[in-house]
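Novice:
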Amino acid sequence: MYSTFMGLETAYRALITSQAAIDTTGQNISNASTTGYSRQIANMQATTPLTITANSKDLSIGTGSFLRDITRVRDAYLDQQYRRETSQYEYWSGKEATLSLTEQFFNETSNYSLSSDMSEFWNAWSDLANSPEESASRIVVREKAVSLTETFHNIDQQITSLQNDLNNSVDTTITKINTFSDQIQLLNNQIRNAEIRGDNPNDLKDQRDQIVDELSKIVPVTVEESLDPNFTDRSVGNYTVRIGNSTAADSVLVTNGSAYHLQENPVPTDAATGFSEVWWEASADGTKTAAEVDLGNGMGSLQADIEMRDTYLSEFRGNLNTLVIVIADSVNALHQSGQGLTTDTGLDFFTSSDLTSPITAANIIVNQDIQDDVNLIATGIADATGVSSGDSSIALAISALSSGWDSLTTYASVPASITVLGASSILDYYEGLTAELGSDVEQSTRMAEGQSVLATQLSNSREALSGVSLDEEMIDMIRFQKGYSSAARVVTVLDTMLESLLGMGVTK
Amino acid sequence: MRITNNILSSNLLSNLQKSSNKMIDLQNNISTGEAISKPSDDPSKITAILGLKTNITSMEQWKDNASQALDYMSSVESVTANMTSMLQRLRGLAVQGSNQTNSPEDLGEIKKEADQIIEQLGVMANSQVGSRYIFSGTNTDTAPWPGTGLWTGNTESLSVELGANVSFDISINGQQLFGVNSATGVSDFFTALNNFSTALNNGDYAAVGNSISDLDSLLSSFIDGRAELGAKISRVETINNNLETSIINAQTNLSNLRDTDLAAAIVDYNSTMNTYRAALSVGAQIIQPSLVDFLR
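Chains A and B are the protein sequences, given in the same order. If you count by my numbering, then the first sequence holds residues 1 to 508, one letter each, in order. If you count by my numbering, then the second sequence holds residues 509 to 804, one letter each, in order.
(1) Name the residues in the stretch 135-148 of chain A whose C-beta lies less than 7 Å from a C-beta of chain B; which are they?
(2) Would D406 of chain A count as contacting chain D if we go by Cβ distances under 8 Å?
(3) Return yes when the Cβ of F643 of chain B is within less than 8 Å of the Cβ of I680 of chain B, no when it is not.
(4) Should F704 of chain B and S695 of chain B be called a contact, given that it needs their Cβ atoms to be closer than 8 Å?
(5) Restricting to Cα atoms, I'd like to know which of B:G541, B:R510, B:L516 is closest to A771 of chain B.
(6) Report the residue from A:T287, A:G286, A:S283, A:N265 whose alpha carbon sits nearest the alpha carbon of E277 of chain A.
(7) Out of A:G286, A:R242, A:L421, A:A397, which has the shortest C-alpha to C-alpha gap to V326 of chain A?
(8) Would you report the Cα separation of N154 of chain A and I398 of chain A, rounded to the nearest angstrom?
(9) 8 Å is my cut-off, CB to CB: does R785 of chain B come that close to chain A?
(10) Considering only residues of the same chain and omitting the five flanking positions on each side of N321 of chain A, which have a CB-CB separation below 6 Å?
(11) Taking C-beta pairs closer than 8 Å, name the residues in chain B that E133 of chain A reaches, listed in chain order.
(12) Using C-beta distances below 8 Å, list every residue in its chain close to A290 of chain A, excluding the 5 sequence neighbours before and after it, in chain order.
(13) What's the gap between the Cα of T145 of chain A and the Cα of L313 of chain A?
(14) CB I741 of chain B to CB S582 of chain B, shorter than 8 Å?
(15) Does the ligand HEM have even one heavy atom less than 7 Å from the beta-carbon of Q190 of chain A?
(16) List the whole-angstrom C-beta distance separating L334 of chain A from A455 of chain A, where the pair is believed to meet the contact cut-off of C-beta under 8 Å.
(17) Verify the CB distance criterion: does N123 of chain A have a CB-CB separation below 8 Å to chain B?
(18) Starting from T53 of chain A, follow its DSSP beta bridges and name the residues at the other end.
(19) Tell me the residue span of the alpha helix (DSSP H) that contains G7 of chain A.
(20) Would you identify the three-state DSSP class for V441 of chain A, choosing helix, strand or coil?
(21) Is there at least one Cβ from chain A nearer than 8 Å to I741 of chain B's Cβ?
(22) Please determine, among A:D495, A:M477, A:S459, the residue with the shortest C-alpha to C-alpha distance to A20 of chain A.
(23) Within the stretch 334-360 of chain A, note down every full beta strand (DSSP E) run reaching 3 residues or more, in order along the chain.
(24) Answer with buried or exposed for T588 of chain B, where buried requires no fewer than 16 other C-beta atoms within 10 angstroms of its C-beta.
(25) Under the DSSP definition of a beta bridge, which residues are partnered with M44 of chain A?
(26) Is the CB of A792 of chain B under 8 Å away from at least one CB in chain A?
(27) Name the chain A residues whose beta carbon is nearer than 8 Å to that of V800 of chain B?
(28) CA-CA distance, K571 of chain B and I394 of chain A?
(29) Look at the Cβ atom of T379 of chain A, then the Cβ atom of L128 of chain A, and state whether they are nearer than 8 Å.
(30) Could you check whether A46 of chain A and A487 of chain A sit closer than 8 Å to each other, using their CB atoms as the reference points?
(31) When you compare only the Cα positions, how much space is there between R489 of chain A and G7 of chain A?
(32) Run through the DSSP bridge pairs and tell me what E669 of chain B is partnered with.
(33) Quick one: does G237 of chain A have its CB under 8 Å from some CB of chain B?
(34) With a floor of 4 residues, list each alpha helix (DSSP H) that falls wholly inside the stretch 645-729 of chain B, ordered by position along the chain.
(35) Are there 16 or more other CB atoms within 10 angstroms of the CB of V790 of chain B, so buried, or fewer, so exposed?
(36) Report yes if the CB atom of F105 of chain A is closer than 8 Å to the CB atom of Q158 of chain A, and no otherwise.
Right under this line is the structure:
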């Protein structure tokens, strides 16, 4: 025979369990809009039944329910997929951002662009050919040439400052990753301590996942979770975060209580650029040695920044320099074979600012002598016997450079830089350059858009699984509220029963 | 799929953003009038656009060159026309002077007029258009007939650019015009004029009569020069007209490639705007209610 008051105990347990369930619902509702929050479920379980013997048979009689644990609804597989797509999205959108800045350098399609500067330069020569003896036309040629060189300087400077910005961003990102590493390590410790006590710290795990989500925007992330085999009666997890190429020899950023850090490489291998490389910092315990981080392929904003800084913008500068060299070489070749209003011949029209280093977009200037005396601008064919001021053959030949190289073969030899160029004219080369840039921007925009769709879908799938639905919570609330009321009702009924019992034999 | 409140709101937000993005693109297209404003808008068209723009600026330059060339050549043409009519007058005087019925006094009168004309012709042989001596070839800054009476010009051409690799010679050949001996620099023109003047002075009717044929050959070289110049002028005029047509065609092509189709863009804009409005009003309705609103 069991206790008369057992029913009260059962009802009491029901009250406590329902209350805990309602509290969990309350927690879910409060965090319905919290980023990174996963909904929690109060798992109830029937308590061990009491076995009684009745009519020489064993009967199990229920003793109520208890709150076994509170778990969060989360799918590690979805997390991994989401993070991979996020990394790719951030890579392409990072590239897109830099490329659209690059696109504005030429300012093409507006009326104040590099191509209009070039057109005006060639037209000034054509104008000069109409009246080679007038200094007004000569001054116009000088001014258009100076403004063309200034446009080149300006574009080159913009490339440099964009590269510096990207380099700063790389440095900042390294600091950010180190902070994330420390935060994950701290959370790892807290979670492990709680788990060793038998607790299930859902909110701390949410926080940790949230940080890893953030990390996945910067670099590709792989998370390895396993159960610590040393604990058999409770589940205690091991948690390792790898960044970059997960198959690389050393990619561990955090493992349980050990966090590793990144550093800007103090001695860049590419000393010419002086840009920082991303390296592992050697750890005090010797488990991590200083080495360059393998960032994987095409993922994360860090990778995008480094690629744009080191590869794309350098190539872009290279193409710009080719354009500058071809213009300078072809104009110089013709200019050298000509003569202006003085007896000087063999003058370069364009030089580098220090006269010794090769001409680039950064250092191209109009020959200082010509800037000082516009009469030196060669317009006619060099003639030992004197100056025929109305001869405009060279000015015409230079103006004709805008459409091809024919005039070069007439008056001078074709410079090597043009032979290797493989374009039919300067305009042809420039058009190719602009179209290539446009396609690069277009491609990265399209890729970023596509990745954004994928990332959004996965984010929605995660939200569908882990997000809080208010309707659902309301239904749960009513369920648990009814459970609570019913349990209270049971107490009332038991109270009445006990009252009847206690009233037995009492005579009035 | 389990739909949560966050999915509803984030989807609504991202759809609204998409519509807004499309609207801002269309707004840009409409307000600038250009559908392609960056290379990435259409990398395949940008090549053609750049080519056309450069082509248009070049053609405008060539057109400027052509009208300058026309101005120059018309001025040269009017100088040679005046000189031709003066030579014709001289020939008339020579015909009159060769007639032996003229008294020496009459010849003196003829000589006075002839010397005036000859002097004027000498001045005109050093004519300038702007700062250029027109009969000097490319030695445009030196007078072709300095005090020595020997020609200092050359036969190089004065070229202007009237097209891609098209240079056009706008000069008149001074050597041919004045019958200059290329070795000595002595010209038939001034020799003939001097002989005429001397013959009148000497009252030598036969020599005056000989001058008629000299003046005829001078006239014919001037007429040849003018004919060549006239042909050049009409060629440049044709080139000028062609350039004008080509510029208009190129501008039309550029506009077809680059400009916004306003009607289509506005229709597009309105339909995007409607989508946006619909999304907003539906959003306002779906975001608000949940079971909470119905539990009392």
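By construction, the Cβ of each residue, glycine as well, lies at the ideal position given by its N, Cα and C atoms. Nothing here was measured: the structure is a model prediction, and the numbers come from that model.
Specialist: Inspection of the coordinates gives the following:
(1) Those residues of the stretch 135-148 of chain A that come within reach of chain B (Cβ to Cβ, closer than 7 Å) do not exist; the list is empty.
(2) Annotation note: the requested chain D is absent from the structure, which comprises protein chains A and B.
(3) Along the second sequence, read from residue 1 onward, the residue named residue 680 of chain B stands at position 172. Along the second sequence, read from residue 1 onward, the residue named residue 643 of chain B stands at position 135. Cβ distance < 8 Å, so I680 of chain B and F643 of chain B count as in contact.
(4) Position 196 of the second sequence, counting from 1, holds the residue named residue 704 of chain B. Position 187 of the second sequence, counting from 1, holds the residue named residue 695 of chain B. Not closer than 8 Å, so no.
(5) The sequence position of residue 771 of chain B within the second sequence is 263, counting from 1. Selected option, being the one with the closest Cα: B:G541.
(6) Here residue 277 of chain A refers to the residue found at position 277 when the first sequence is read from its first residue. The shortest Cα separation from E277 of chain A among A:T287, A:G286, A:S283, A:N265 belongs to A:N265.
(7) Along the first sequence, one-based indexing puts residue 326 of chain A at 326. With distances taken between Cα atoms, V326 of chain A lies closest to A:L421.
(8) As a first step, residue 154 of chain A must be located in the first sequence, where it is residue number 154. As a first step, residue 398 of chain A must be located in the first sequence, where it is residue number 398. Straight through space, the alpha carbons of I398 of chain A and N154 of chain A are spaced by roughly 24 Å.
(9) Looking up residue 785 of chain B in the second sequence gives position 277. It does not: the Cβ of R785 of chain B has no partner Cβ on chain A nearer than 8 Å.
(10) Counting from one through the first sequence, the residue named residue 321 of chain A turns up at place 321. Here N321 of chain A has T360, A361 as same chain residues with Cβ atoms under 6 Å from its own Cβ, once five neighbours each way along the sequence are excluded.
(11) Within the first sequence, the letter at position 133 stands for residue 133 of chain A. Under the 8 Å cutoff, chain B gives S639, R640, T648, D649.
(12) Here residue 290 of chain A refers to the residue found at position 290 of the first sequence. If we look at A290 of chain A and ignore the five residues flanking it on each side, its Cβ neighbours are Q263, W279, W280, E281, A282.
(13) Locating residue 145 of chain A in the first sequence gives position 145, counting from the first residue. Locating residue 313 of chain A in the first sequence gives position 313, counting from the first residue. Going by the sequence as given, residue 145 of chain A is Ala instead of Thr. Distance between the alpha carbons of A145 of chain A and L313 of chain A is about 25 Å.
(14) Translated into positions along the second sequence, residue 741 of chain B becomes position 233. Translated into positions along the second sequence, residue 582 of chain B becomes position 74. With respect to the 8 Å criterion, I741 of chain B and S582 of chain B are classified as neighbours on the basis of their beta carbons.
(15) This structure does not include the ligand HEM; it has no bound ligands of any sort.
(16) Taking the first sequence and counting its residues from 1, one reaches residue 334 of chain A at position 334. Taking the first sequence and counting its residues from 1, one reaches residue 455 of chain A at position 455. Distance from L334 of chain A to A455 of chain A at the Cβ level is roughly 56 Å; contact not present, criterion being Cβ atoms closer than 8 Å.
(17) Residue 123 of chain A sits at position 123 when you count from the first residue of the first sequence. Under the Cβ criterion of 8 Å, N123 of chain A is counted among the residues facing chain B.
(18) Position 53 of the first sequence holds residue 53 of chain A. Residue pairing by DSSP places T53 of chain A opposite A:D58 in a beta bridge.
(19) Taking the first residue of the first sequence as 1, we reach residue 7 of chain A at position 7. Going by DSSP, G7 of chain A is part of the alpha helix (DSSP H) stretching over 6-30.
(20) On the first sequence, residue 441 of chain A is found 441 positions in, with the first residue counted as 1. DSSP, reduced to helix, strand and coil, places V441 of chain A within a helical segment of the structure shown.
(21) By 1-based counting over the second sequence, the position of residue 741 of chain B is 233. For I741 of chain B, the answer is no, since every Cβ of chain A falls outside 8 Å of its Cβ.
(22) In the first sequence, residue 20 of chain A corresponds to position 20, counting from 1. For A20 of chain A, the closest C-alpha among the options A:D495, A:M477, A:S459 is that of A:M477.
(23) The qualifying runs are 350-352.
(24) Against the second sequence, residue 588 of chain B aligns to sequence position 80. Taking all protein chains in view, the Cβ of T588 of chain B is crowded by 16 or more other Cβ atoms within 10 Å, so the residue is classified as buried.
(25) Here residue 44 of chain A refers to the residue found at position 44 of the first sequence. A:L67, per the DSSP bridge assignment.
(26) To locate residue 792 of chain B, count along the second sequence from 1; it is residue 284. Interface criterion not met: the Cβ of A792 of chain B is under 8 Å from no Cβ in chain A.
(27) Locating residue 800 of chain B in the second sequence gives position 292, where the first residue counts as 1. At a C-beta separation below 8 Å, V800 of chain B has these neighbours in chain A: L470, M474.
(28) The residue labelled residue 571 of chain B in the question sits at position 63 within the second sequence. The residue labelled residue 394 of chain A in the question sits at position 394 within the first sequence. Our two residues, K571 of chain B and I394 of chain A, have alpha carbons roughly 20 Å apart in a direct line.
(29) Counting from 1 along the first sequence, the entry for residue 379 of chain A is found at position 379. Counting from 1 along the first sequence, the entry for residue 128 of chain A is found at position 128. Their beta carbons are under 8 Å apart, which means T379 of chain A touches L128 of chain A by this criterion.
(30) For this step, residue 487 of chain A is matched to residue 487 along the first sequence. For this step, residue 46 of chain A is matched to residue 46 along the first sequence. No.
(31) In the first sequence, residue 489 of chain A corresponds to position 489, counting from 1. In the first sequence, residue 7 of chain A corresponds to position 7, counting from 1. Annotation: R489 of chain A to G7 of chain A spans about 12 Å, alpha carbon to alpha carbon.
(32) Position 161 of the second sequence, counted from the first residue, corresponds to residue 669 of chain B. DSSP, once it has assigned bridges, lists B:S675 as partnering E669 of chain B.
(33) Looking up residue 237 of chain A in the first sequence gives position 237. Taking 8 Å as the threshold, the shortest C-beta distance from G237 of chain A to chain B does not fall below it.
(34) Complete alpha helix (DSSP H) runs here, min 4: 682-685, 696-710.
(35) As a first step, residue 790 of chain B is located in the second sequence; it is residue number 282 there, counting from the start. With fewer than 16 other Cβ atoms within 10 Å, it is exposed.
(36) Residue numbering aside, residue 105 of chain A sits at position 105 when the first sequence is read from its first letter. Residue numbering aside, residue 158 of chain A sits at position 158 when the first sequence is read from its first letter. Contact check for F105 of chain A against Q158 of chain A passes: the beta carbons are separated by less than 8 Å.
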